[in-house]
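Data block below; observations after.
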Amino acid sequence: MSLAIVTGAARGIGRSIASRLAEAGHALLLVDLDERVHDTARELGVGAVRADISQPPDVGRIADAVRAHRDEPRVLVNNAGITRDRLLRKMAEPDFRAVVRVNLGGTWALTEAVAPLLADGGSVVNISSRAQLGNVGQFNYGIAKGGVIGLTRGHALALAPRLRVNAVAPGFVESEMTAAMPADARRRVVDAIPLAAAGQPRDIAEAVAWLASEAASYVTGQVLYSCGGRSFS
Ligand SMILES: NC(=O)c1ccc[n+]([C@@H]2O[C@H](COP(=O)([O-])OP(=O)(O)OC[C@H]3O[C@@H](n4cnc5c(N)ncnc54)[C@H](O)[C@@H]3O)[C@@H](O)[C@H]2O)c1
């Protein structure tokens, strides 16, 4: 069986990606710093590593778990991410550094550690964000997610022709990350989406599953916006 590694898989979009890849026939290794990753893994009947992708020793433990797995690693989905939203004039350096360290640094470090272990013809899918085009209060996040697109292209070139590397850029998706948003702010965001609805984790999982699959075997270094048309409106 082929193995897919999904980070940030305890909940939300990552959990949905994991269950969609299981439907596609992959064995799974879930990664998350939240201990709930073990509950999610039990529910899906798969393996898990509790680890922080922004900490080098943890990245080493994830790579060890991939090496020790009986299934052949073919897919890496770099989904783990955080926000620390602040208006630019109120943003403190730790908010900036933490968001870049996890979203961009963690994605880079894990790809460097796991890509050599993926079988020929394998695929890496990074989760960027439509916010990389600019969102008030998300200067740090936008930079980190824009960086993920640069990283996607860099790794696509560096790892070709052996592996493909692509990104999915979600718009506003219902998850714990967005649940804390006040109702009026949420309404304003949804009103600006041409398809007039928030995205669901499954929408992102479908895009990831396609990029990870043989159906996308001639696609690398690309960004697939799954954002209800918000990327150009
Ligand atoms: N929800 C949205 O509207 C939206 C939009 C665009 C992009 N995204 C991106 O999609 C991804 C998933 O978002 P979500 O909405 O499911 O968020 P979420 O907060 O519900 O889930 C993120 C998961 O990542 C884990 N995580 C965070 N930091 C980690 C670390 N250092 N190491 C390991 N695991 C870590 C968390 O514990 C959590 O389980 C993120 O990269 C996010 O930036 C989300």
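Taking our numbering, the leading residue of the sequence shown gets 3, the next gets one more, and so forth. Note that beta-carbon positions come from the ideal geometry of N, C-alpha and C, so glycine has one too. All figures in this text were calculated on a predicted structure; none of them were measured in a lab.
Can you tell me where the beta strand (DSSP E) holding residue i begins and where it ends?
i: N142; result: No beta strand (DSSP E) contains N142, which is instead part of the alpha helix (DSSP H) from F141 to L161.
i: T9; result: S4 to T9
i: P184; result: Premise fails: P184 is in no beta strand (DSSP E) and is neither H nor E.
i: D34; result: A29 to D34
i: R166; result: R166 to P172
i: P75; result: E74 to N80
i: I129; result: S125 to I129
i: S228; result: V225 to S228
i: V51; result: G49 to R52
Check whether the Cβ atoms of residue i and residue j sit closer than 7 angstroms, and answer yes or no.
i: V210; j: V48; result: no
i: A29; j: L5; result: yes
i: H157; j: T113; result: yes
i: V104; j: S56; result: yes
i: V33; j: I64; result: yes
i: I15; j: S177; result: yes
i: A171; j: S219; result: no
i: A207; j: I19; result: yes
i: V68; j: A214; result: no
i: T9; j: A117; result: no
i: V51; j: A12; result: no
i: L35; j: D54; result: yes
i: R132; j: G173; result: yes
i: A115; j: V61; result: yes
i: M179; j: D73; result: no
Would you grab the beta carbon distance between residue i and residue j for me? Rounded to a whole angstrom, and I think it's under 8 angstroms.
i: I145; j: V225; result: No, I145 and V225 are not in contact; Cβ-Cβ is about 16 angstroms, not under 8 angstroms.
i: L159; j: W110; result: L159 to W110, Cβ: 14 angstroms. No contact.
i: N168; j: R86; result: At roughly 26 angstroms, the Cβ-Cβ gap does not stay under 8 angstroms, so N168 and R86 are not in contact.
i: L23; j: P75; result: Between P75 and L23 the Cβ distance is about 12 angstroms, and since that is not below 8 angstroms, they are no contact.
i: I195; j: R155; result: Not confirmed; about 27 angstroms, so no contact.
i: Q202; j: V175; result: 7 angstroms
i: L106; j: G149; result: 4 angstroms
i: L31; j: H71; result: 6 angstroms
Would you mind sorting residue i into buried or exposed? The rule is 16 or more other CB atoms within 10 Å of its CB.
i: F234; result: exposed
i: R17; result: buried
i: K92; result: exposed
i: G230; result: buried
i: G136; result: exposed
i: V138; result: exposed
i: L90; result: exposed
i: R164; result: exposed
i: G108; result: buried
i: A185; result: exposed
i: A43; result: buried
i: R189; result: exposed
Over what stretch of residues does the alpha helix (DSSP H) that includes residue i continue unbroken?
i: V61; result: P58 to A70
i: A211; result: P203 to A214
i: G16; result: G14 to E25
i: D42; result: For the record, residue 42 in the displayed sequence is Thr; it is not Asp. It spans V39 to L46 - the alpha helix (DSSP H) in which T42 sits, taken as one unbroken run.
i: L112; result: T109 to V116
i: E95; result: E95 to V102
Ligand 3 and residue i: does the residue's C-beta get closer than 6 angstroms to at least one heavy atom of that ligand?
i: A94; result: Looking at this structure, you won't find ligand 3 anywhere; what it does contain is ligand 1.
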